[in-house]
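Numbering (numbering that gives the first Met the number 0), first residue to last: 0 to 341.
Written below as structure tokens is the structure these notes are about.
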Amino acid sequence: MNHVEILNAPALPNIPWQDRPAGDRRDAPVWRWAGNPIIPRNPVPGVARIFNSAVVPYDGAFVGVFRGERVNGVPCIYLGRSADGIRWDFDAEGVKFVDENGEPFMPQYAYDPRLVKVEDWYYAVWCQDFYGASIGMARTKDFRTFTRLENPFIPFNRNAVLFPRRVNGMFTLLSRPSDSGHTPFGDIFLSQSPDMTFWGRHRHVMGKGKAWWEAVKIGGGAAPIETSLGWLLFYHGVTGTCSGFVYSIGGAILDRDEPSRVLYRCENFLLTPEEWYEERGFVPNVCFPCATLQDPDTGCIAIYYGCADSYVGLAFTTVDAVVDYIIAHDDASDEDRGEGLR
Ligand code: BMA
0 MNHVEILNAP ALPNIPWQDR PAGDRRDAPV WRWAGNPIIP RNPVPGVARI
50 FNSAVVPYDG AFVGVFRGER VNGVPCIYLG RSADGIRWDF DAEGVKFVDE
100 NGEPFMPQYA YDPRLVKVED WYYAVWCQDF YGASIGMART KDFRTFTRLE
150 NPFIPFNRNA VLFPRRVNGM FTLLSRPSDS GHTPFGDIFL SQSPDMTFWG
200 RHRHVMGKGK AWWEAVKIGG GAAPIETSLG WLLFYHGVTG TCSGFVYSIG
250 GAILDRDEPS RVLYRCENFL LTPEEWYEER GFVPNVCFPC ATLQDPDTGC
300 IAIYYGCADS YVGLAFTTVD AVVDYIIAHD DASDEDRGEG LR
């Protein structure tokens with residue numbers, strides 16, 4: 000029996016899973032799939048790399064939206080299907096987005112997609128050009144027709160992550176306002192909408208951390224997991240080194256009713272680049288979480304993360320172990336704990 004419950008999520012007995020290896024000396028209770036990376040290079044004709052991608056359970060199996068970096072360097076979104084969450088088949092062509100009239104409406108580029116079911120719809124949220132980098136959105140019920148929604152924000156913004164249910168009657172979205180380049184700053188904000196069109200009631204959630212591993216910038220990662228203690232958020236934190244940024248995975252727990260309030264924030268990273276597929280690639284030293292699967296019955300959580308802007312990796316934890324670790328190493332500031340309104 001878990002002492003922390005995962006709430007409002009269907010049982011997922013077929014969650015991909017591997018127990019923690021005996022003798023694992025890493026501090027945080029997060030471990031990698033032994034067969035990583037699960038998606039190698041050149042996975043689809045015309046696509047050099049798939050990474051920073053999101054999956055959901057669907058129809059007894061799994062489906063996902065994947066950042067496919069084409070051989071011309073332009074990222075776009077590919078649909079993938081999997082029976083086990085590990086071996087993926089991708090469509091040969093990228094997702095063809097349409098507008099409300101069913102007419103083609105393609106983003107010029109699209110990267111870092113997240114995929115979240117809210118009520119009857121699956122929402123894909125990504126970063127795209129809107130006269131500058133900002134957020135694009137679409138929804139689908141059948142993974143055949145993806146209908147674009149209004150762009151929620153003006154530039155510049157990235158790392159938008161939708162909550163899996165309305166909070167206080169409102170769709171709720173994390174995002175990371177930024178600049179036009181490889182932003183050397185960035186905090187996580189929260190915005191709400193009654194209809195997925197008009198976004199407001201903006202709040203600051205948390206800024207770059209005191210801890211060195213996240214001292215440059217942070218950004219939302221996977222859709223928050225609702226637990227009996229609060230929303231469990233896996234996010235990325237970035238540090239600067241003399242040879243570039245390093246992206247690690249961090250964890251925080253947000254208040255269930257007012258998720259701009261941080262209850263606990265782990266001062267240690269949960270996963271940092273250590274394996275060859277994280278340290279070596281198109282952009283070295285990147286662990287970039289975009290999705291989780293979770294099974295409320297067992298408390299098992301599978302984390303999908305981009306590796307070195309080149310591969311997709313899978314890591315595991317349990318809700319009890321990771322929440323205990325985050326609480327034991329809580330270092331949230333007074334500002335993190337506040338409502339985030341000035
Ligand atoms: C960020 C985003 C991510 C990428 C990361 C590391 O700015 O562009 O897509 O994984 O940089 O290159």
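Glycine included, C-beta positions come from ideal geometry on N, C-alpha and C.
Give every residue of the same chain whose Cβ lies closer than 6 Å to the Cβ of residue i, excluding the five residues on either side of it in the sequence, and list them in chain order.
| i | result |
| --- | --- |
| asparagine 156 | Ser133, Ile134, Ser174, Pro176 |
| arginine 31 | Ala314 |
| arginine 147 | Phe96, Asp98, Phe104, Ala137 |
| phenylalanine 162 | Thr171, Pro223 |
| arginine 40 | Arg48 |
| alanine 290 | Ala53, Val54, Ala221, Tyr303 |
| alanine 8 | Gln293, Pro295 |
| proline 151 | Ile134, Trp198 |
| glycine 219 | Asn158, Val160, Leu173, Ile187, Tyr234 |
| leucine 34 | This sequence places glycine at residue 34; leucine is not what is there. Nothing listed; no residue qualifies. |
| arginine 200 | Gln191 |
| arginine 255 | Gly229 |
Cα-Cα, which of the options is closest to residue i?
| i | options | result |
| --- | --- | --- |
| phenylalanine 61 | Gly339, Arg86, Asn1 | Arg86 |
| aspartate 194 | Met169, Arg279, Arg200 | Met169 |
| arginine 336 | Asn71, Leu292, Val204, Asn150 | Val204 |
| valine 70 | Ser242, Gly45, Tyr108, Leu253 | Gly45 |
| proline 183 | Ser192, Trp230, Gly206, Ala10 | Gly206 |
| valine 43 | Thr139, Glu92, Asp83, Gly219 | Glu92 |
| leucine 344 | Ala214, Phe188, Asp90, Leu114 | What the structure shows of the chain is the stretch from 0 to 341, and residue 344 is not part of that stretch, so it cannot be assessed. |
| isoleucine 153 | Asn167, Phe142, Arg143, Gln127 | Gln127 |
| glutamine 107 | Gly72, Ala33, Glu266 | Gly72 |
| tyrosine 121 | Asp88, Gly63, Trp16 | Gly63 |
| glycine 208 | His235, Ala301, Gly199, Arg255 | His235 |
| aspartate 88 | Asp119, Val124, Ile37 | Ile37 |
| proline 12 | Thr139, Gly59, Glu257 | Gly59 |
| valine 215 | Arg164, His181, Gly229 | His181 |
| serine 242 | Arg143, Trp275, Gly101, Asn284 | Asn284 |
| cysteine 265 | Ala210, Val117, Thr240, Ala123 | Ala210 |
| glycine 202 | Phe268, Gly22, Val261 | Residue identity check: residue 202 is arginine in the sequence provided, not glycine. If we check each option's Cα against that of arginine 202, Val261 comes out closest. |
| valine 166 | Asn267, Glu257, Thr240, Gly22 | Glu257 |
| asparagine 267 | Val115, Gly249, Trp275, Thr317 | Gly249 |
Below 8 Å on the Cβ atoms is my guess for residue i versus residue j; work out the distance and round it to an integer in Å.
| i | j | result |
| --- | --- | --- |
| proline 288 | phenylalanine 244 | The Cβ separation is near 16 Å, so there is no contact. |
| arginine 196 | tryptophan 212 | It should be pointed out that residue 196 corresponds to threonine in this sequence rather than to arginine. Not quite, the Cβ-Cβ distance comes to about 37 Å (not below 8 Å), so this is no contact. |
| valine 94 | phenylalanine 145 | 5 Å |
| serine 81 | tyrosine 303 | The pair is not a contact, with the Cβ atoms about 11 Å apart (cut-off 8 Å). |
| phenylalanine 65 | tyrosine 77 | 5 Å |
| isoleucine 217 | aspartate 178 | With 8 Å as the limit, isoleucine 217 and aspartate 178 do not qualify as a contact, their Cβ atoms being about 15 Å apart. |
| serine 247 | leucine 270 | 7 Å |
| glycine 79 | proline 15 | That belief does not hold up - the Cβ atoms of glycine 79 and proline 15 are roughly 14 Å apart, past 8 Å. |
| serine 259 | glutamate 338 | 6 Å |
| valine 117 | arginine 164 | 6 Å |
| lysine 140 | aspartate 111 | The Cβ separation is near 23 Å, so there is no contact. |
| glycine 305 | phenylalanine 50 | 4 Å |
Quick one: residues in its chain with C-beta nearer than 8 Å to the C-beta of residue i, no 5 flanking neighbours on either side, listed in chain order?
| i | result |
| --- | --- |
| aspartate 319 | Asn1, His2, Val3, Gly298 |
| arginine 19 | Pro28, Trp30, Phe315 |
Taking the DSSP output, what are the residues bridged to residue i?
| i | result |
| --- | --- |
| tryptophan 30 | Phe315 |
| glycine 239 | Phe244 |
| asparagine 156 | Pro176 |
| valine 124 | Arg113, Met136 |
| glutamine 191 | Thr171, Gly199 |
| glutamate 68 | Arg48, Pro74 |
| proline 103 | Val97 |
| tryptophan 230 | Glu225, Leu253 |
| leucine 80 | According to the sequence as given, residue 80 is arginine; it is not leucine. Answer is Val62, Asp88, bridged to arginine 80. |
| valine 56 | For the record, residue 56 in the displayed sequence is proline; it is not valine. Answer is Phe61. |
| glutamine 17 | Answer is none; glutamine 17 lacks a bridge partner. |
| aspartate 186 | Aspartate 186 pairs with nothing; no bridge assigned. |
| proline 288 | Tyr304 |
| phenylalanine 145 | Phe96 |
| tyrosine 263 | Ile252 |
| leucine 11 | DSSP output for leucine 11 lists no bridge partner at all. |
| valine 43 | Val46 |
| valine 166 | Met169 |
| tyrosine 324 | Tyrosine 324 is not bridged to any residue. |
| leucine 161 | Leu172 |
| leucine 6 | BP columns for leucine 6 are empty, so no partner. |
| glycine 218 | His235 |
For residue i, I'd like the list of residues in its chain whose CB is within less than 7 Å of its CB, leaving aside the five on either flank, ordered along the chain.
| i | result |
| --- | --- |
| tyrosine 263 | Ala251, Ile252, Ile325, Ile326, Asp329, Ala331 |
| leucine 6 | Glu225, Thr226, Ser227 |
| glutamate 149 | Thr196 |
| cysteine 75 | Gly67, Arg69, Gly93, Tyr108, Ala109 |
So with Cβ pairs under 7 Å, would you call residue i a contact of chain C?
| i | result |
| --- | --- |
| isoleucine 302 | No chain C appears in the structure shown, which is made up of a single protein chain. |
Counting pairs of Cβ atoms below 8 Å between the region 301-310 and the region 321-337, do you hit three or more? no
Between the region 274-284 and the region 9-29, do three or more beta carbon pairs fall short of 8 Å? no
Report all residues for which the CB-ligand distance to some heavy atom of the ligand NAP is below 6 Å; order them along the chain. With respect to the ligand NAP, the structure shown offers nothing to examine, as its ligands consist of the ligand BMA.
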